Amino acid sequence: MILPTILALLLAQNPERPVKLADGGFCAGIAWVDVGLDGDVIAEWGPDFTVYRYRGPSERWGVYSGMFAQTGNGRERLFERDGVQVDRISQNGQFAGYVAEDRGHRQNHFFGPVFKGNLGDLAFFRRVDFGASGKQKCERHPVQ
């Protein structure tokens, strides 16, 4: 009971803030995510994590950035790229998004109604850059 209260107090001290987009995207921790220019991103900071929420005219989704994503009890490898493993996750048999984890165990958990839990979701990850180019963009345009 104390932990939820502490988290609520910490989040209350760190309300949502808009994220300034640069180069058509933003840094989500271990990845640069291209979103274009037609939507908004807000960030919610926690004690050791950040949750970004994208709202655009045709899609909504979020991405957690931290070390302890709520990954459910089922994981299935989707792909690995640039040293980052991306798994489809489920909670009690229900699709719950995708977790990307780098070799340092830093994670992004992609979630929301834009994802359907099928191979069609691979198209979304074409705009997610885990590689050197993405890291350079993150260095040039950190989220603050």
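All letters in the sequence shown, in the order written, are residues 2 to 145 by the working numbering.
Backbone N, C-alpha and C define an ideal beta-carbon position, used for all residues, glycine too.
Every value quoted in this text rests on a predicted model; they were computed, and no experiment measured them.
Which residues in the same chain have their Cβ closer than 8 angstroms to the Cβ of residue i, if we skip the five residues on either side of it in sequence?
i	result
arginine 61	Arg54, Tyr55, Gly113, Pro114 and Val115
leucine 4	For leucine 4, the predicted structure reports a pLDDT of 45, less than 50, and the residue's modelled location is therefore unreliable. A value from the coordinates is still provided. So the list is empty, once near-sequence residues are dropped.
aspartate 49	Gly67, Met68 and Phe69
Would you mind stating whether residue i and residue j have Cβ atoms separated by less than 8 angstroms?
i	j	result
glutamate 97	valine 87	The displayed chain sequence assigns alanine, not glutamate, to residue 97. Not closer than 8 angstroms, so no.
arginine 89	glycine 57	no
aspartate 41	arginine 128	no
Ordered along the chain, which non-local residues of its own chain (more than five positions away) have a Cβ less than 6 angstroms from that of residue i?
i	result
phenylalanine 111	Val64, Gly98 and Tyr99
threonine 51	Ala44 and Ser66
Among the options, whose alpha-carbon lies nearest the alpha-carbon of residue i?
i	options	result
alanine 124	Arg76, Phe80, Pro58 and Lys136	Phe80
tryptophan 33	Gln71, Asp122 and Asp83	Asp83
tryptophan 46	Pro19, Asp130 and Asp103	Pro19
Going by DSSP, name the residue or residues bridged to residue i.
i	result
serine 66	Thr51 and Asn109
glutamine 1	Only positions 2 to 145 of the chain appear in this structure, which leaves residue 1 out of reach.
Stretch-stretch touch, CB-based, cutoff 8 angstroms, three pairs: the region 61-81 with the region 18-32: Taking 8 angstroms as the limit for Cβ pairs, the verdict is that the region 18-32 does touch the region 61-81.
Contact between the region 133-144 and the region 17-25 (3+ Cβ pairs under 8 angstroms): With the cut-off at 8 angstroms, the region 133-144 and the region 17-25 touch.
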